[in-house]
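Asker: Those protein sequence lines, which keep their order, are chains D and X. According to the working numbering, the first sequence is numbered sequentially starting from 982. According to the working numbering, the second sequence is numbered sequentially starting from 1148. In this text, a Cβ means the ideal position worked out from N, Cα and C, and glycines have one as well.
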Amino acid sequence: MVKYSKTEFSVGLFMLLGIIAGVILALKVAGLTLSYDSGVYSVYGYFDNVGSLKVRAPVKIGGVVIGRVSAIYVDHEKLVPVVKMEIESQYSELSSESKASVLTAGLIGEQYIGITPGFYDEDMGSTYLKDGDRIMDTGSAIVLEELIGKFLYSVKGDGGSDSDTASSEK
Amino acid sequence: MINFISGIGRYGVRKINALGRATIMLFYSVVGKPQFDKNFPQLIQQLYVVGVQSISIIAISGLFIGMVLGLQGFNVLVRFMAEGALGQLVALSIIRELGPVVAALLFAGRAGSALTAEIGLKKATEQLTSMEMMAVDPLRRVIAPRFWAGVISLPILATIFTVVGIYGGKLVGVDWLGVDDGIFWSGMQSNVDFWDDLGMCFIKSVVFAVVVTWIALFNGYDLVPTSAGISKATTNTVVQSSLAVLGLDFILTALMF
């Protein structure tokens, strides 16, 4: 057996300690999961107003995270905000009738995208969302100032339009 | 007046000269054909001196800084009924700022000054010159292993500091003040991103490691070989590397976040 010096042993221990610390940081602190299913598909949603939604905000169905917001930008032709969402492939059976709304966790919490699954009926022409699809039914963020303005002046929203359903959100 | 202006000029030229010499020193000690079999035992020895012996101060400071953060954070957050955000507060402040910066400052005081003094004494007692007489390049033999040891050690030390600090915050917040354990960790996990936060923490600590070790080695290599010179160089190492770390931290943070 080769004789190892105390120095070498403690340096090895030092390195191991560093690696263990790094692994703890990755798994316990950053919540990185080892069995990460890399398969995601992107869907797009056109909103009237995304509020203070951030990139990397969660996309949830009933509170369960199914994906993340990967990009927020403005459509060049329509000049409306577009949110690109990456949804894990295991949740591939989302109907195209699903609704995506910008919601807020708590009163001052962070904003996220809540998806309300829609019905699936082949006769009505609904399909499952695929990579690159667009969610037609969207709900904008509730902007507190607008809400107060509406309340104060009792201005009726024009309603009607497909995507302006923010005021009916609970 | 002319004296004053030329004094400024002389100062500037001297500083830039020193920067040039420091770069040349680093270049010749790092660039070249690697000689693993010859330099590896040296590297292990230096890793022991620079890294292993710094663990205790790093771990203890990390523990206390994490505990203080937990205590202070709790006292503020409890006013807004937001104790749940304690894990996030402790983790993000340690990972983004305190971990790399405080570890680098402690490292400069603990290991940097020792490196300067050691190399300075080698120079004052003409050990470096006698190495050259024996056709051993002191840059490759003395400077390079210490440089690599510093560059390897500080990121590891910063990681250890971060982990110990977060557990210190958990100790105070969860075990003493009664924040819910699950909320503490899950709030942390949903807000700490592996690449954005931990990656930047790592990049910062590598940059600080290069800067601190470089400053320490150059101050030792370039000092006036007297006892007063050694003491001045040691002080310079700590002052310059602390300032460099804090200044660079601002620049890196501005670039990254």
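#1: Classify Ala1238(X): buried if its beta carbon has 16 or more other beta carbons within 10 angstroms, exposed otherwise.
#2: Mapping DSSP to helix, strand and coil, what is Met1281(X)?
#3: Quick one: give me the first and last residue of the alpha helix (DSSP H) that Pro1098(D) is part of.
#4: Throw me the rounded Cβ distance for the Leu1364(X) and Arg1293(X) pair, which I believe falls under 8 Å.
#5: Return the chain-ordered list of same chain residues with a C-beta closer than 6 Å to the C-beta of Ala1391(X), the five sequence neighbours on each side being excluded.
#6: Do you know how far the Cα of Leu1252(X) is from the Cα of Gly1217(X)?
#7: So, with DSSP's three-state summary, where would you put Lys1180(X)?
#8: Kindly indicate the opening and closing residues of the alpha helix (DSSP H) around Leu1408(X).
#9: Just how far apart, CA to CA, sit Ser1240(X) and Phe1308(X)?
#10: Please classify Phe1221(X) as buried or exposed, where buried requires at least 16 other C-beta atoms within 10 Å of its C-beta.
#11: Pair every Cβ in the region 1077-1088 of chain D with every Cβ in the region 1116-1125 of chain D, then say whether three or more of these pairs are closer than 8 Å.
#12: Report the rounded CA-to-CA distance for Leu1275(X) versus Pro1285(X), giving the unit in angstroms.
#13: Taking 8 Å as the threshold (beta carbon to beta carbon), is Gly1043(D) in contact with chain X?
#14: Answer with buried or exposed for Pro1181(X), where buried requires no fewer than 16 other C-beta atoms within 10 angstroms of its C-beta.
#15: Check whether chain X comes within 8 Å of Ala1147(D), counting only Cβ atoms and requiring the distance to be less than that.
#16: In the region 1017-1090 of chain D, which residue ranges form an unbroken beta strand (DSSP E) of at least 3 residues, counting only runs that do not cross its ends?
#17: Put Asp1396(X) into one of helix, strand or coil per three-state DSSP.
#18: Closest Cβ-Cβ distance between Gly1198(X) and chain D: below 8 Å?
#19: Ser1240(X) CB to nearest chain D CB: under 8 Å?
#20: With three or more beta-carbon pairs closer than 8 Å as the criterion, would you say the region 1162-1170 of chain X touches the region 1364-1382 of chain X?
#21: Hey, could you find the ends of the alpha helix (DSSP H) Ile1299(X) is sitting in?
#22: Could you pull the DSSP bridge partners for Asp1344(X) from this structure?
#23: Suppose contacts are defined by Cβ-Cβ distances below 8 Å. Is Ala1261(X) in contact with Leu1301(X) by that definition?
#24: Going along the chain, which residues of the region 1049-1067 of chain D sit with their C-beta nearer than 7 Å to a C-beta in chain X?
#25: What's the call for Ala1052(D), buried or exposed, on a 16-neighbour Cβ count within 10 Å?
#26: Should Tyr1175(X) be flagged as near chain D, meaning a C-beta pair shorter than 8 Å?
#27: Name the residue from Leu994(D), Leu1110(D), Ala1038(D) whose alpha carbon lies nearest to the alpha carbon of Glu1091(D).
#28: Measure the Cβ-Cβ separation of Asn1186(X) and Ala1264(X) and say whether it is below 8 Å.
Answerer: The short version:
#1: So Ala1238(X) counts as buried.
#2: Coil, per DSSP.
#3: Counting along the chain, Pro1098(D) falls outside any alpha helix (DSSP H), and DSSP gives it neither H nor E.
#4: That belief holds up - the Cβ atoms of Leu1364(X) and Arg1293(X) are roughly 6 Å apart, short of 8 Å.
#5: If you ignore the 5 residues before and after Ala1391(X), its C-beta comes within less than 6 Å of the C-beta of Val1358, all in its own chain and listed in chain order.
#6: If I take the Cα positions, the gap works out to 21 Å.
#7: Coil.
#8: Outside the shown range of chain X, which is 1148 to 1404, sits residue 1408(X), and nothing can be said about it.
#9: Ser1240(X) and Phe1308(X) have their C-alpha atoms roughly 12 Å apart.
#10: Buried, by the Cβ-count rule.
#11: Judged by Cβ distances under 8 Å, the region 1077-1088 of chain D makes contact with the region 1116-1125 of chain D, as three or more pairs qualify.
#12: Rounded to whole angstroms, Leu1275(X) to Pro1285(X) spans 6 Å at the Cα level.
#13: Gly1043(D) has a beta carbon lying at 8 Å or more from every beta carbon in chain X.
#14: Answer is exposed; the Cβ neighbour count stays below 16.
#15: Because Ala1147(D) sits at a pLDDT of 47, beneath the cut-off of 50, its placement in the model cannot be relied upon, and the following sentence gives the value as read from the coordinates. It does not: the Cβ of Ala1147(D) has no partner Cβ on chain X nearer than 8 Å.
#16: Those beta strand (DSSP E) runs which fall completely within the region 1017-1090 of chain D and span 3+ residues are 1021-1027, 1039-1042, 1045-1055, 1062-1069, 1080-1085.
#17: Assignment of Asp1396(X) by DSSP, reduced to helix, strand and coil, places it in the helix class.
#18: Interface residue (Cβ-Cβ distance to chain D less than 8 Å): Gly1198(X) is classified as such.
#19: Answer no: the Cβ-Cβ gap between Ser1240(X) and chain D never drops below 8 Å.
#20: They touch, by the three-pair rule.
#21: It spans 1291-1317 - the alpha helix (DSSP H) in which Ile1299(X) sits, taken as one unbroken run.
#22: Looking at the DSSP assignment, Asp1344(X) forms no beta bridge with any residue, so it has no partner.
#23: For the pair Ala1261(X) and Leu1301(X), the CB atoms are not nearer than the 8 Å cut-off.
#24: Close to chain X, meaning a Cβ-Cβ distance shorter than 7 Å, is no residue of the region 1049-1067 of chain D at all.
#25: Burial call: exposed.
#26: Proximity of Tyr1175(X) to chain D, defined by a Cβ-Cβ separation below 8 Å, is not satisfied.
#27: When C-alpha distances from Glu1091(D) are compared across Leu994(D), Leu1110(D), Ala1038(D), the shortest belongs to Ala1038(D).
#28: No, these two residues do not count as a Cβ contact at 8 Å.
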